[in-house]
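Scroll down for the structure; my scribbles are underneath it.
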Amino acid sequence: MVNARRDLHEQNRRSWNAGTIAHNSHKGDQAAFLRGGGSTVFPEELELLGSVDGLDLLHLQCNSGQDTLSLAALGARVTGVDISDEAVAFATRLSADSGIPGTFVRADVYDWLADAAPERFDVVFASYGALVWLSDLTSWARGIAGVLRPGGRLVVLDFHPLWGMVDWDWQITKPYFGDGPQLWAGGIGDYVAMAREGLVPWGYQEGVGEFTNPHPVHEFQWTVADIVTAVLAAGLRLETLREYPYSNGAVMGNGMRDTGGRRLVPPEPLPTLPLMLGVVGAKPAG
Numbered sequence: 000m001v002n003a004r005r006d007l008h009e010q011n012r013r014s015w016n017a018g019t020i021a022h023n024s025h026k027g028d029q030a031a032f033l034r035g036g037g038s039t040v041f042p043e044e045l046e047l048l049g050s051v052d053g054l055d056l057l058h059l060q061c062n063s064g065q066d067t068l069s070l071a072a073l074g075a076r077v078t079g080v081d082i083s084d085e086a087v088a089f090a091t092r093l094s095a096d097s098g099i100p101g102t103f104v105r106a107d108v109y110d111w112l113a114d115a116a117p118e119r120f121d122v123v124f125a126s127y128g129a130l131v132w133l134s135d136l137t138s139w140a141r142g143i144a145g146v147l148r149p150g151g152r153l154v155v156l157d158f159h160p161l162w163g164m165v166d167w168d169w170q171i172t173k174p175y176f177g178d179g180p181q182l183w184a185g186g187i188g189d190y191v192a193m194a195r196e197g198l199v200p201w202g203y204q205e206g207v208g209e210f211t212n213p214h215p216v217h218e219f220q221w222t223v224a225d226i227v228t229a230v231l232a233a234g235l236r237l238e239t240l241r242e243y244p245y246s247n248g249a250v251m252g253n254g255m256r257d258t259g260g261r262r263l264v265p266p267e268p269l270p271t272l273p274l275m276l277g278v279v280g281a282k283p284a285g
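Here you go:
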């Protein structure tokens with residue numbers, strides 16, 4: 000039984016539609032960047048994924064398709080799924096304009112997984128802020144196990160749940176153990192404008208200024224144990240569980256410092272914190 004909160008997902012879709020327009024306004028000619036051999040994926044994703052050449056790869060919550068097409072350029076046959084109309088429309092145009100093939104579908108991830116038969120994939124990938132929008136981790140992981148081929152893998156690189164406890168000034172303001180959906184009246188913010196070259200190293204543009212999102216969003220707080228338990232309950236074998244003391248490109252706190260390679264850490268004198276989490280689960284081969 001799927002216990003997903005599709006009513007809240009629908010509200011989130013509206014907020015993502017508005018936010019996506021602002022985000023892409025800062026990124027310039029992304030098609031030219033990709034055509035020129037540019038890539039938006041970081042070494043950590045590539046390490047967890049391994050070679051994707053010749054593989055069928057499903058990118059869930061793919062946003063505007065930049066990472067999806069970067070993986071297609073490495074030889075994967077890619078399908079991207081996202082709830083945002085604006086994101087999928089942009090990704091479809093980006094595929095055509097860059098000349099990098101990819102299939103993009105607008106759907107709630109739970110609906111897509113339920114209707115996916117008989118499609119099967121070698122890799123299912125999710126990254127950077129995907130998990131907080133999932134209202135039912137157990138059904139999500141079970142649906143992924145259903146579309147993986149034997150021996151296929153789920154690869155997740157996301158922001159660490161511990162980071163969700165602190166506010167912009169690094170003060171603990173939220174519990175680690177979630178107690179239901181959290182409403183954010185301000186909706187999806189312009190995190191690309193906050194990160195600037197951290198997320199747009201090929202040339203940040205000012206684009207939309209002082210963006211205000213009229214649509215609120217609902218997030219779901221999950222612990223590391225919640226995530227791992229969902230993967231195991233779906234029948235996947237845990238291959239990798241990794242924590243990283245830095246964030247790739249994203250700025251979600253005052254005073255973050257770039258230690259090289261767009262790896263951002265908290266300001267001094269704060270101690271190191273786990274800012275990203277990597278999880279790889281494999282479907283048994285037989």
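Numbering that gives the first Met the number 0 puts the sequence shown at residues 0 to 285.
No residue lacks a Cβ here, since even glycine has one placed at the ideal position from N, Cα and C.
These numbers come from a predicted model, not from an experiment.
Residue i burial status per 10 Å Cβ neighbour count (16 or more: buried)
{"i": "D157", "result": "buried"}
{"i": "K173", "result": "exposed"}
{"i": "T211", "result": "exposed"}
{"i": "R12", "result": "buried"}
{"i": "R256", "result": "exposed"}
{"i": "D297", "result": "Residue coverage of the chain in this structure runs from 0 to 285, which leaves residue 297 outside it and unanswerable."}
{"i": "W167", "result": "exposed"}
{"i": "R236", "result": "exposed"}
{"i": "T258", "result": "exposed"}
{"i": "G260", "result": "exposed"}
{"i": "E9", "result": "exposed"}
Pair within 8 Å by beta-carbon distance, residue i and residue j
{"i": "G151", "j": "F120", "result": "yes"}
{"i": "L272", "j": "L161", "result": "yes"}
{"i": "S83", "j": "V216", "result": "no"}
{"i": "D66", "j": "S126", "result": "yes"}
DSSP three-state assignment for residue i, whether helix, strand or coil
{"i": "V40", "result": "coil"}
{"i": "W169", "result": "coil"}
{"i": "V227", "result": "helix"}
{"i": "R141", "result": "helix"}
{"i": "D157", "result": "strand"}
{"i": "G254", "result": "coil"}
{"i": "R34", "result": "helix"}
{"i": "A232", "result": "helix"}
Cβ-based neighbour list, residue i, same chain, cut-off 7 Å, excluding 5 preceding and 5 following
{"i": "I226", "result": "L130, L136, V278"}
Cβ neighbours of residue i in the same chain (closer than 8 Å, five flanking residues each side left out)
{"i": "P149", "result": "K282, P283, A284, G285"}
{"i": "P213", "result": "A17, G186"}
{"i": "I20", "result": "E85, V207"}
Cβ shell of residue i (< 6 Å), same chain only, five flanking positions each side left out
{"i": "T102", "result": "T78"}
{"i": "T222", "result": "P160"}
{"i": "R262", "result": "Y245"}
Uninterrupted alpha helix (DSSP H) stretches inside the stretch 42-130 (no shorter than 4 residues): 42-48, 65-71, 84-97, 108-113
What beta strand (DSSP E) runs, 3 residues minimum, are completely inside the stretch 166-220? Fully enclosed beta strand (DSSP E) runs of 3 or longer: 181-183, 216-218.
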